[in-house]
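*Asks:* Here you go, one structure.
There are 2 protein chains.
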Amino acid sequence: MQRSRDPSEVFDAARGGDRAALARALSLVERGGEPAKAIARLASPHVGGAYTVGLTGAPGSGKSTLVSALITLLRAQDIEPTVLAIDPSSPFSGGAILGDRVRMQDHATDPGVFIRSMASRGHLGGLALAAPEAIRLLDAVGKHWILVETVGVGQVEVEIAGKADTTVVVVNPGWGDSVQANKAGLMEIADVFVINKADRAGVEDTRRDLNQMLDLTALPHDAWRPPIVPAVAPQSTGTDDLWEAVLAHREHAEASGELARRRTQRASEELRAIVARRVEEIARAVSTNARWEALTEAVVAGEIDPWSAADEMLEPVIDR
Amino acid sequence: MQRSRDPSEVFDAARGGDRAALARALSLVERGGEPAKAIARLASPHVGGAYTVGLTGAPGSGKSTLVSALITLLRAQDIEPTVLAIDPSSPFSGGAILGDRVRMQDHATDPGVFIRSMASRGHLGGLALAAPEAIRLLDAVGKHWILVETVGVGQVEVEIAGKADTTVVVVNPGWGDSVQANKAGLMEIADVFVINKADRAGVEDTRRDLNQMLDLTALPHDAWRPPIVPAVAPQSTGTDDLWEAVLAHREHAEASGELARRRTQRASEELRAIVARRVEEIARAVSTNARWEALTEAVVAGEIDPWSAADEMLEPVIDR
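What follows is the structure in structure tokens.
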């Protein structure tokens, strides 16, 4: 087949199992604009079959090795997993430094595994919009298990990882210092904890630490208490326990209605973000550059505050 | 004076030098809504006298100790610095874990120093909007030197620190591993590099590493090359060199027109963010809950894609 750039042809080919076409479709989603919207329209009727598992943790916690071990486990069960690796940490260059991805090279030649990296496209909130779109596309082309790996524990990473159906937080023995500032955020998104590198000293201390924090954390209304699974990813130790914990959480989330609640909540947040983006686009298109520049200069000069300037900007656009 | 909650009275008291009133005004800005907009309107005519210095670096790089040493240096020169410590890493709790702030206790009783922490208010982009508003307020009440310290090197931290008039990036000897993923972003925002903890081994390696990366980085059009300053903050070694580098950058930025260009660029970005926020508010107010929920459910069910749903949401609001 000729390499097409037409969203409809690319999407159909991706749905037909063409991996190169799926890669192209994901690039269209990443780039945004009209082709991305076309992909969203095409994908929508086909969504609902996928389950997403988010994995997050500090750099160096061994997430990639863990994901690689999970892939091996799933392949042995004839599951064909997809990995979406998210790197929002390079906001300006747009180029992800994904050295860790080399650890997944073992699976690079396996046609039953699809691995994709996404980096920030240079604007705040870019990935927060692009990641759910990419997941929707993967869902629509028939990917049933999507592992969403984020490279760090910053705000955007935690935000994205926390929007999975099941979220796995990866820590290490003695994790206290490095991620201290993010503990609160991580406690709130974790459905399962993995103490990776559990062949090192301090596993029981870390488990006690996590349990104490869980005791202090108000459990969500569905009363699921995140299990704590020790693992040594390079030896695949604990990977099966981790997967069982993920499946147990899935079963609980489905039975309790928590999964449906989360998905609705997620769609609502996504819709809100898109509404804001759309109107910004419209406002920018309507306002002349001269008007925009004049208001910007007035803000710099202290002649007007930015909120009043924004209202003035919007006056010709908004019908109130 | 009676503790007032009226933005106008609070602002006037803050401008008159009442520190408690300034703290209350900052709280109003943090909380957002109408009082924050009132503060923005009141502050606008008085801005322009402040210079902001952003400091960012990985957790543990010794930023707080460095800031504390800078305060000591500035106080000896009869400068009255303000510190705005930004912690976006706790997106869900809204509560900052600012253990490092204790290092600034030395200055807590000095009326010539004003220190304030800001945490995320739970929504993405919240601090990106609140931080410039807080800086505008501090500017308007007569704070001339504002040190903006961020706790980490995630996307939001880099974004906020990179919006200062002069941005200082703090690294340590052998920094390679921990901040690798953020190098690209940090290289682009740095006006000055500090190699803190320079009494440890590896300073020259780190300097060479930074110089090599600077050689590879396209210099901005004003051709300022970030100096690299070694420092040992607890002994205040290098603090004077750091401050000289900051002053040299300020002089260069003012003379080259880069400062004016940056401030206009920043105002433009802030305006854009506020425009988006305002319209989102309007869109949400206009749409009935029933309509919003129906569209959200339709997205979850795959009956409509989110972009089309957003357009449907906006139809009654936008006058095209």
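Residue numbers (the working numbering), protein chains in the order written: chain A, 483 to 802; chain B, 483 to 802. Built from N, CA and C at the ideal position, the CB exists for glycine as well.
#1: So, under 8 Å CB-CB, I671/A and G644/A are touching, yes? Tell me the CB distance rounded to an integer number of Å.
#2: Does any C-beta atom of chain B lie closer than 7 Å to the C-beta of G530/A?
#3: So with Cβ pairs under 7 Å, would you call R760/A a contact of chain B?
#4: Which residues does DSSP pair with D569/A in a beta bridge?
#5: In the DSSP assignment, the alpha helix (DSSP H) including I553/B goes from what residue to what residue?
#6: What's the C-alpha gap between A772/B and E779/A?
#7: According to DSSP, is N678/B helix, strand or coil?
#8: Counting along the chain, where does the beta strand (DSSP E) carrying E631/B start and finish?
#9: Name the chain B residues that come within less than 9 Å of V652/A, Cβ to Cβ?
#10: Can you name the residues that DSSP bridges to L537/A?
#11: Just how far apart, CA to CA, sit I677/B and G536/A?
#12: Please confirm whether any heavy atom of the ligand COA lies closer than 6 Å to the CB of H734/A.
#13: For a contact meaning CB atoms closer than 9 Å, what does G624/A contact in chain B?
#14: Considering Cα atoms alone, identify which of A551/B, R748/B, V492/B is closest to T534/B.
#15: I need the boundaries of the beta strand (DSSP E) containing V799/B, first residue and last residue.
#16: Quickly, what does DSSP pair F596/A with across the bridge? List them, please.
#17: Under 7 Å between beta-carbons, which chain B residues line up against L777/A? List them in chain order, please.
#18: At least one CB of chain A closer than 7 Å to the CB of G784/B: is that the case?
#19: Taking the alpha carbon of M795/A as the point to measure from, which residue in R557/A, G542/A, T721/A, L777/A has its own alpha carbon closest?
#20: Taking W789/B as the query, report the chain A residues whose CB atoms sit under 7 Å from its CB, ordered along the chain.
#21: Please determine, among A713/A, M669/A, P712/A, the residue with the shortest C-alpha to C-alpha distance to Q694/A.
#22: Any beta carbon from chain B within less than 7 Å of T746/A's own beta carbon?
#23: How would you call G499/A, buried or exposed, if buried means at least 16 neighbouring beta carbons within 10 angstroms?
#24: Could you work out which residues of chain B lie near S750/A, taking near to mean beta carbons separated by less than 7 Å?
#25: Would you mind stating whether L510/A and A502/A have Cβ atoms separated by less than 7 Å?
#26: Report the three-state DSSP secondary structure of T719/B (helix, strand or coil).
#27: Does DSSP put L606/B in a helix, in a strand, or in coil?
#28: Counting only Cβ pairs nearer than 7 Å, list the residues of chain A close to V781/B.
#29: Starting from I710/B, trace the beta strand (DSSP E) both ways and give me its first and last residue.
#30: Would you identify the three-state DSSP class for V623/A, choosing helix, strand or coil?
#31: Using C-beta distances below 8 Å, list every residue in its chain close to R732/B, excluding the 5 sequence neighbours before and after it, in chain order.
#32: Between the Cα of L524/A and those of A622/A, I756/A, V711/A, spot the shortest distance and give me the residue it belongs to.
#33: From the beta carbon of Q694/B, is the nearest beta carbon of chain A less than 7 Å away?
#34: Is the beta carbon of V711/A sitting closer than 7 Å to the one on T538/A?
#35: From the beta carbon of S509/B, is the nearest beta carbon of chain A less than 7 Å away?
#36: Check this for me: beta carbons of A522/B and S718/B, under 7 Å apart or not?
*Replies:* The relevant details are as follows:
#1: Between G644/A and I671/A the Cβ distance is about 3 Å, and since that is below 8 Å, they are a contact.
#2: Residue-level contact by beta carbon holds for G530/A and chain B, with a gap shorter than 7 Å.
#3: So yes, R760/A belongs to the interface.
#4: Bridge partners of D569/A: A601/A.
#5: From DSSP, the alpha helix (DSSP H) with I553/B extends over 545 to 558.
#6: The alpha-carbon atoms of A772/B and E779/A are separated by roughly 41 Å.
#7: Secondary structure at N678/B: strand, using DSSP grouped into helix, strand and coil.
#8: Here the beta strand (DSSP E) through E631/B covers 627 to 632.
#9: Against chain B, a Cβ distance below 9 Å from V652/A picks out nothing, because the smallest value is about 16 Å.
#10: Beta-bridge pairing links L537/A to E631/A, V650/A.
#11: Approximately 35 Å between the Cα atoms of the pair.
#12: With respect to the ligand COA, the structure offers nothing, as it holds no ligand at all.
#13: Per Cβ cutoff of 9 Å: no residues; G624/A is ~14 Å from chain B at best.
#14: It is R748/B whose Cα lies nearest to the Cα of T534/B.
#15: Per DSSP, V799/B lies in no beta strand (DSSP E) and is assigned neither H nor E.
#16: In DSSP, F596/A forms a bridge with T564/A.
#17: At a beta-carbon threshold of 7 Å, the residues of chain B lying near L777/A are L753, ordered along the chain.
#18: Between G784/B and chain A, the shortest Cβ-Cβ separation is below 7 Å.
#19: Taking only the C-alpha atoms, the option nearest M795/A is L777/A.
#20: What W789/B touches in chain A: K519, A522, I756.
#21: Among A713/A, M669/A, P712/A, the Cα nearest to that of Q694/A is on M669/A.
#22: Interface with chain B (7 Å Cβ-Cβ cutoff): T746/A is included.
#23: For G499/A, the number of other beta carbons within 10 angstroms of its own is below 16, and it is reported as exposed.
#24: One finds T778 in chain B with Cβ atoms closer than 7 Å to the Cβ of S750/A, taken in chain order.
#25: Result no, Cβ atoms of L510/A and A502/A do not sit closer than 7 Å.
#26: DSSP, read as helix, strand or coil, puts T719/B in strand.
#27: Unreliable positioning characterises L606/B in this predicted model, as indicated by a pLDDT of 42, which lies under 50. A coordinate reading is not provided.
#28: Within chain A, the residues near V781/B are A749, L753.
#29: Boundaries of the beta strand (DSSP E) around I710/B: 710 to 713.
#30: Residue state, collapsed to three classes: coil.
#31: Y533, D647, T648, L741, listed in sequence order.
#32: Closest option to L524/A, Cα to Cα, is A622/A.
#33: Chain A contact via Cβ: absent.
#34: Annotated as distal: V711/A and T538/A, with beta-carbon spacing of 7 Å or more.
#35: Output row for S509/B: interface = no.
#36: Contact: no.
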